[in-house]
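In the working numbering, the protein residues as written are 67 to 297.
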């Protein structure tokens, strides 16, 4: 599977240092050469930015050896580098979750999450208006989630799709209550339809650099596609 997104992240900063950080955020650890190609600049220009970013504690590197020749330096974001991508109202949100839990118990937290999911579902379903097939629905979901700060993108993987979120703007809230993650997975399943299977394969809270969901068509819609191909 290619690591190039079929639907790239819609926002790209203009400052060179921020573009380097964005490239590492959305593509994971990379060599200078790969970053330079993605940014369409020279390798030397990227090295200059890496020197500054490393001095600021935002990136670090490790040597990777692939047989003969000089080892390749692979660069990655540090925790401080990831911190440049905001966790929306993190401290206040965590405090509010703690207060709800203290006053109303876990049932209160569950009701809060259910109410959030119901509100989001209504908005997402409006966004799906006119999207009658899975690729169209996924395109709409990418747009909605990107507008909410998740840096979403869509990639084709054989007969399946990978729906990817390179950032979690509610990460602190999700750490405080895993119910948010379960709720969002349920939300995707409801929005994309009963004829679609959605499974989370990568999870930021499990140590991955992103959240990734495998999406596959199943049921009557898939059979109809197979019948069409047969004829």
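Where a beta carbon is used, it is the ideal one built from N, C-alpha and C, also for glycine.
The C-alpha of residue 148 is placed about 10 Å away from the C-alpha of residue 234. Counting along the chain, residue 263 sits inside no alpha helix (DSSP H); it lies in the beta strand (DSSP E) bounded by residues 262 to 268.
Look at residue 248 here: in three-state DSSP terms it is helix.
Taking a 10 Å sphere around the C-beta of residue 115, we find 16 or more other C-beta atoms and assign the residue as buried.
Annotated three-state conformation of residue 106 is coil, per DSSP. The secondary-structure analysis by DSSP pairs residue 139 across a beta bridge with 129.
Per DSSP, the unbroken beta strand (DSSP E) holding residue 279 starts and ends at 277 to 283. Using a Cβ distance threshold of 8 Å, residue 261 and residue 280 do not count as a contacting pair. Rounded to whole angstroms, residue 207 and residue 177 show a C-alpha spacing of 24 Å. For the region 175 to 234, the continuous alpha helix (DSSP H) assignments of 4+ residues that do not extend past its boundaries occur at 200 to 213, in sequence order. Taking residue 107 as the centre and dropping the five residues before and after it, the same chain places the C-beta of 82 closer than 8 Å to its C-beta, in chain order.
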